Amino acid sequence: MTSQNEGPKPGVARSLAELHALGIMKRMPAALSLSSTEPIALPAIQAPSLEGLSVARTAPAPISEHDLVERFDVLRRKHADRRERLAGEDVGPDDEVLLDVLGFANGRLIPFSAREGWRAEVVPEPLLPGFFEALVGAKVGSSLGIELKLPDTYVVESLRGATARFLLEVRASSELKLLADDSPELLKRLGAGTLIDVMRQLNDTLTHERAVEAEQLTQARVLDEVVARTQVTLSAALVDEELRHRWVETERPILVRKALQPDELQEALEGWLRDPLFRADAERRLVLALALRAIAARDGVKLTKPAVDALVGDLASLSGVPREDVVRALKEDAALAKRLEDLALHLATLDSLMRRVALTPPV
1 MTSQNEGPKP GVARSLAELH ALGIMKRMPA ALSLSSTEPI ALPAIQAPSL
51 EGLSVARTAP APISEHDLVE RFDVLRRKHA DRRERLAGED VGPDDEVLLD
101 VLGFANGRLI PFSAREGWRA EVVPEPLLPG FFEALVGAKV GSSLGIELKL
151 PDTYVVESLR GATARFLLEV RASSELKLLA DDSPELLKRL GAGTLIDVMR
201 QLNDTLTHER AVEAEQLTQA RVLDEVVART QVTLSAALVD EELRHRWVET
251 ERPILVRKAL QPDELQEALE GWLRDPLFRA DAERRLVLAL ALRAIAARDG
301 VKLTKPAVDA LVGDLASLSG VPREDVVRAL KEDAALAKRL EDLALHLATL
351 DSLMRRVALT PPV
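Below, the structure is given as structure tokens:
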């Protein structure tokens, strides 16, 4: 979707759920590899061999004129003149809205559909045909329902083609007045002298982003090979527990704030537990987490203070609070500090692993 998450709120993020929402803990492949309030019996495995591990690098995707124009349009919207619509005023086409959303299909909550503080553009979206079109004319501050047929490309395979109903709260809406492409005021806001300068800067930015994306895809290929070399059988109960951890950290807090009843919460959790794609993803995360933990023990990967300090800096940046406040929060919450150390060790193991892999030129 064309959307933008709401920015972080002031204050120290102390809970594990808050940290996951901020993104810092999403870099860990499996929730169960971290500290938990309940003892979890993870199987002991032998570290997979890295002998002869060779992976072709992923080439950065080329940059087209369409890519540049699309990114320029994003900047135009970002630097547009804005007017916050008043409560009761109609949402207009091309507005930027702030929504709370719950989606239901077949009488159950759609997994991953619960959103709070979701910033999105009121423009057609192929993945949810008719969704944003139905927002035009809705009242700011109102609640409404939108019914539509989920497309064949919908992320939850079992719901493709199903009729879904979304319950929305329109918390805010901004009317945007876009400046002309070559407007001196737009160029001033972009910090550029000419439109050619802007396009040159965008090309540099996209080139960097594509290079980073290519590195990430290369790393994903390496990790796929590590998973394939790891000998372990996971019980269904362990996969259930991994999914339950993820659900508790991500979706459950939103549903509780929306006052869903216990039976509705259980149905939402069961939606995660039953989906075959979710289960396959959870199983892969668990196998990878176990493999990296075993590799770290075998190869003697150690934490370094600079690595931990760098991660603390990431956390401060993501949470939008001063670094010293984050450090204080970590000192006051031993479980949180342990989880951060686990994540730092995970990243250090990844670095060690990537140094040992033979990376060949792109195919």
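For the sequence shown, counting from 1, position 210 maps to 210 in UniProt numbering; every step adds exactly one. Cβ atoms here follow ideal geometry from the backbone N, Cα and C, with glycine treated the same way. Treat the numbers as computed from the prediction; the structure is a model and nothing was measured.
Spatial distance of S319 from R257 (CA atoms): Each residue's CA atom was taken as its position, placing S319 and R257 some 21 angstroms apart.
Burial state of H346, where buried means 16 or more other Cβ atoms lie within 10 Å: buried
Nonlocal neighbours in the same chain, by C-beta distance under 7 angstroms from T233, ignoring five residues either side: Cβ neighbours of T233 beyond the five flanking positions: none.
First through last residue of the beta strand (DSSP E) which encompasses K177: T163 to K177
Meets three-Cβ-pair contact criterion under 8 angstroms: the stretch 112–132 and the stretch 243–259: yes
At least three beta-carbon pairs within less than 8 angstroms, the stretch 135–151 to the stretch 70–83: no
P276 versus D240: straight-line alpha-carbon distance, rounded: 12 angstroms
Any 3 or more C-beta pairs closer than 8 angstroms across the stretch 279–288 and the stretch 119–139: no
Between the CA atoms of I196 and R171 - distance to the nearest angstrom: 38 angstroms
Where S173 falls, given that 16 or more other Cβ within 10 Å makes a residue buried: Residue burial annotation: S173 is buried, with at least 16 other C-beta atoms found within 10 angstroms of its C-beta.
Neighbourhood of A192 by C-beta distance below 6 angstroms, restricted to the same chain and skipping five residues each side: V198
Exposure of E121, with buried meaning 16 or more beta-carbon neighbours within 10 Å: buried
C-beta contact flag for G161 and K149 at 8 angstroms: yes
Exposed unless 16 or more other CB atoms sit within 10 angstroms - verdict on L86: exposed
Status (buried if at least 16 other CB within 10 Å, exposed otherwise) for G271: buried
Buried/exposed call for E324, threshold 16 Cβ in 10 Å: exposed
For I146: DSSP bridge partner residues: F166
Assigned secondary structure, M25 (DSSP; H/G/I helix, E/B strand, else coil): In this predicted model, M25 has a pLDDT of only 43, less than 50, meaning its place in the structure is not dependable; the value taken from the coordinates is given anyway. Residue state, collapsed to three classes: helix.
Beta carbon of V326 nearer than 8 angstroms to that of L315: yes
Test item: CB-CB of E341 and V308 under 8 angstroms: yes
Cβ neighbour criterion (16 or more within 10 Å) applied to T218: buried
C-alpha gap between S64 and L190, whole angstroms: Going by the C-alpha atoms only, they are around 21 angstroms apart.
Cβ neighbours of A105 in the same chain (closer than 6 angstroms, five flanking residues each side left out): L159, A162 and A164
Inter-residue Cα distance where the pair is L167 and V91: 16 angstroms
Option in S317, D351, K177 and D299 with minimal Cα separation from P48: D299
In DSSP terms, what A358 is bridged to: S54
Span of the alpha helix (DSSP H) around R252: Looking at the DSSP string, the run of the alpha helix (DSSP H) that includes R252 is R252 to R257.
Host beta strand (DSSP E) of R97 (start-end): A small fix is needed here, since residue 97 is Val in this sequence, not Arg. Unbroken beta strand (DSSP E) run through V97: E96 to A105.
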